[in-house]
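Engineer:
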Amino acid sequence: MVQVDLQQELDSRQQPPPDSQTLRRRDDGLLVYTGADGEILIPSGEIIGILSRTSGYTVIQLEETPDDAETAYRLHTSAVEDADTELLDRHLVRQVPEFLQDGHELQIVVSTKSGTGLALKFWEAVVKPLLVLLAGEQQSKGASEDHHLLITQSAQSVKDFARGRWARRHAAAEAEGSVPVPETIILLSGDGGVVDLLNGSDDETQSADAAPISLPTIALLPLGTANALFHSLHKPLYISSAQDGAGAPASPLALALRTLIRGRPAPLPSFRADFTPGSRLVSYSPNEGAEGSEESSISRHDTAVSHLYGAIVASHGFHAQLVWESDTPEYRRHGSSRFGMVAAELLRESHPYRADVSISPPAGDANADVRTIKPPTASTTHATSDVPSTFSYILATLVSNLERTFTISPASRPLENDLRLVHFGDVGGERTMDIMKAAYDEGKHIDLPEVGYERVGGLTVRILEEDARWRKVCIDGTIVEIPQGGEMRVSRVEKALFGILVDQSILTP
1 MVQVDLQQEL
11 DSRQQPPPDS
21 QTLRRRDDGL
31 LVYTGADGEI
41 LIPSGEIIGI
51 LSRTSGYTVI
61 QLEETPDDAE
71 TAYRLHTSAV
81 EDADTELLDR
91 HLVRQVPEFL
101 QDGHELQIVV
111 STKSGTGLAL
121 KFWEAVVKPL
131 LVLLAGEQQS
141 KGASEDHHLL
151 ITQSAQSVKD
161 FARGRWARRH
171 AAAEAEGSVP
181 VPETIILLSG
191 DGGVVDLLNG
201 SDDETQSADA
211 APISLPTIAL
221 LPLGTANALF
231 HSLHKPLYIS
241 SAQDGAGAPA
251 SPLALALRTL
261 IRGRPAPLPS
271 FRADFTPGSR
281 LVSYSPNEGA
291 EGSEESSISR
301 HDTAVSHLYG
311 AIVASHGFHA
321 QLVWESDTPE
331 YRRHGSSRFG
341 MVAAELLRES
351 HPYRADVSIS
361 PPAGDANADV
371 RTIKPPTAST
381 THATSDVPST
391 FSYILATLVS
401 NLERTFTISP
411 ASRPLENDLR
421 LVHFGDVGGE
431 RTMDIMKAAY
441 DEGKHIDLPE
451 VGYERVGGLT
461 VRILEEDARW
471 RKVCIDGTIV
481 EIPQGGEMRV
491 SRVEKALFGI
501 LVDQSILTP
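180 is the number that UniProt numbering gives to position 180 of the sequence shown; each next residue is one higher, with no gaps.
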């Protein structure tokens, strides 16, 4: 961890004073910046925020060219003398973000290997100068300057950071008269960074009556591959952004920066998955001192695991198999195309997964009992006793989307903390593909007769497969191999381990 003093860069980033420059919205919805060089059209989706100055305003804009890795992101600022009231109502930053105020600890984690590897560029080109603006422009309002930065060096970096910060927080809580300071973690990562933070936590040290304000807060900037948690939390904003005037709607990263500036913390729903003794966490990493190609120096490393925390998904069957096999050295050498290759092979094999699945009722359903479920058939949406316990897909989730356009649980809402189960039986590769395509069509797979979909309080999956290849489960992208006859038991965590920064509109009833 290194300490970052944003004030050192402030002088070089000061903007010239405004000179009869304005920002307004035309009748057709386009934003028009009028300055010395005439009128410039600005897509409304690029506006991140507007800062009040002594005379006029500073408009902050995110420009993205993802096809150009060297200049993929640029933070642009414009000084204006005046702006439309509607724009100020929507984008004006009215107070210093809590994480920049005195007495608040700010950690910044840059996951260099997430997604397409652009997290470090996004930090340097966008997030760092944005924090400079927020801290520098508003120092008179009490902004803090000191921050701690972690740039990951390996797959273990976030895990090590998480364990270390929880140990320090616990020590501070136990010190006489000491209360842990409010803390925010700006996470430039995908879903894996969130699950690493969750599993670095020590839930046993948390007071049962801890106030939500004491929770460390994650500010998630989606730089992973699927970004399921971010897309699910911001799904309502995609709709409103698309309706916000002319031009392209706000991108996920633009929405993330808006949330970073003006968002509010809320408890992050999570679940716990417990595993039968003998279960092993499966990962692939470089061999110590290995030389040669990246693929040839990577091997499998298993470690014993009793439980994991997650915030997105617990699965067995096609989903877990796809996540695991695409991470093996055999497929990793194919880059991003490996996911399609693995999916095609799994659909061709169309393996039926032998498992016993039981569910507990949702909270508040006192009259229901734990029951065993079978896959629905094409003729009925209810389980029948004569259907064998073979599944293609078993997935419990707290979120609506596994990708931006892949709606696995259309009934799920942001921050809802309800587990929902999606499952179907041995329907063959072609029909499995049909079901997956329907999920990309706004979640219409849940209307198909072969698909079971319901709200549950908990889930137990007993794995009956003999071949270890088919005994994998997935917890938010982390793979666990279960012994034959062993179980994965999933239950909601009632007391949040983290807060998550969300748009204020998500918190409005």
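Glycine included, C-beta positions come from ideal geometry on N, C-alpha and C.
(1) With a threshold of 8 Å (Cβ to nearest heavy atom), would Gly428 be considered close to the ligand MN?
(2) By the 10 Å Cβ neighbour count, where 16 or more other Cβ atoms means buried, how is Glu204 classified, buried or exposed?
(3) With the cut-off set at 9 Å, would you say Pro376 and Glu450 are in Cβ contact?
(4) Taking the beta strand (DSSP E) that Val59 belongs to, which residues open and close that run?
(5) Drop a sphere of 10 angstroms on the beta-carbon of Arg371, count the other beta-carbons inside from all chains shown, and report buried for 16 or more, exposed for fewer.
(6) For Ala496, which of Ala343, Leu215, Phe339 has the nearest alpha-carbon?
(7) Where does the unbroken beta strand (DSSP E) through Asp274 begin, and where does it stop?
(8) Look at the Cβ atom of residue 540, then the Cβ atom of Ser251, and state whether they are nearer than 9 Å.
(9) Drop a sphere of 10 angstroms on the beta-carbon of Gly287, count the other beta-carbons inside from all chains shown, and report buried for 16 or more, exposed for fewer.
(10) With C-beta atoms as the reference, is Gly499 less than 9 Å away from Leu268?
(11) Helix, strand or coil: which one does DSSP assign to Arg404?
(12) Nearest CA to the CA of Ala162: which residue from Ser44, Ile50, Val109, His423?
(13) Could you tell me the distance, in whole angstroms, from the CA atom of Asp191 to the CA atom of Val399?
(14) Identify the residues that DSSP records as bridge partners of Glu39: which are they?
(15) Counting only the same chain and skipping the five closest in sequence on each side, list residues whose C-beta sits under 7 Å from that of Asp67.
(16) Out of Ala355, Ala311, Arg300, point me to the one whose CA is closest to Glu330's CA.
(17) Who are the near neighbours of Ile40 in its chain, counting only those whose CB is closer than 6 Å to its CB and skipping five residues on each side?
(18) How long is the line joining the alpha carbons of Phe271 and Pro414, rounded to whole angstroms?
(19) Between the alpha carbons of Leu347 and Val502, how many angstroms are there, rounded?
(20) Would you report the Cα separation of Pro182 and Gly364, rounded to the nearest angstrom?
(21) Taking Cβ positions, are Leu220 and Val194 nearer each other than 9 Å?
(22) State the DSSP-derived secondary structure class of Ile435, mapped to helix, strand or coil.
(23) For the stretch 428-493, list the alpha helix (DSSP H) runs that are entirely contained and at least 4 residues long, ordered along the chain.
(24) Are the beta-carbon atoms belonging to Ile261 and Leu130 less than 9 Å from one another?
(25) Given Ser315, which residues of its chain have a CB within under 7 Å of its CB, disregarding the five upstream and five downstream residues?
(26) Could you tell me which residues DSSP pairs with Val109 in its beta bridges?
(27) Hey, quick one: how far does the alpha helix (DSSP H) through Phe230 stretch, first residue to last?
(28) Let me confirm a value: Ile463 is counted as buried when at least 16 other C-beta atoms fall within 10 Å, else exposed. Which label applies?
(29) Using alpha carbons as the reference points, say which of Leu308, Ala135, Gly477, Gln321 lies closest to Ser52.
(30) Quick check on DSSP: helix, strand or coil for Arg53?
Structural biologist: This is what the structure holds:
(1) As for the ligand MN, it is missing from this structure, which has no ligand bound.
(2) Only weak support is given to the placement of Glu204: the predicted model assigns it a pLDDT of 46, under 50, and the value that follows is read from those uncertain coordinates. By the neighbour-count rule (16 or more Cβ atoms within 10 Å), Glu204 is not buried but exposed.
(3) Yes, they are a contact pair.
(4) Val59 -> beta strand (DSSP E) spans 57-64.
(5) Per the 10 Å Cβ criterion, exposed.
(6) Ranked by Cα distance from Ala496, the first of Ala343, Leu215, Phe339 is Leu215.
(7) Note, Asp274: beta strand (DSSP E), 270-275.
(8) This structure cannot settle anything about residue 540, because the visible part of the chain is limited to 1 through 509.
(9) Checking the sequence shown, residue 287 turns out to be Asn, not Gly. With fewer than 16 Cβ atoms within 10 Å of its Cβ, Asn287 is classed as exposed.
(10) Yes, they are a contact pair.
(11) The answer is coil: DSSP assigns Arg404 none of H, G, I, E or B.
(12) Comparing alpha carbon positions, the residue from Ser44, Ile50, Val109, His423 closest to Ala162 is Val109.
(13) The alpha-carbon of Asp191 is positioned some 12 Å away from that of Val399.
(14) Answer is Thr34.
(15) Excluding sequence positions up to five before and after Asp67, its CB lies less than 7 Å from no other CB in the same chain.
(16) Of the candidates Ala355, Ala311, Arg300, Arg300 places its Cα closest to the Cα of Glu330.
(17) Cβ within range, chain order: Tyr33.
(18) Whole-angstrom Cα-Cα distance: 15 Å.
(19) Their Cα atoms are separated by approximately 37 Å.
(20) Going from the Cα of Pro182 to the Cα of Gly364 covers about 33 Å.
(21) Closer than 9 Å, so yes.
(22) It is helical.
(23) Complete alpha helix (DSSP H) runs here, min 4: 429-440.
(24) A contact, by the Cβ cut-off of 9 Å.
(25) Apart from sequence neighbours up to five positions away, the residues of its chain that approach Ser315 with a beta-carbon distance below 7 Å are Ile394, Leu395, Val473, Cys474, ordered along the chain.
(26) Per DSSP, the beta-bridge partners of Val109 are Leu150, Leu187.
(27) Counting along the chain, the alpha helix (DSSP H) containing Phe230 begins and ends at 228-233.
(28) Burial call: buried.
(29) Distances from the alpha-carbon of Ser52 to those of Leu308, Ala135, Gly477, Gln321 put Ala135 closest.
(30) Of the three classes helix, strand and coil, the one that applies to Arg53 here is coil, per DSSP.
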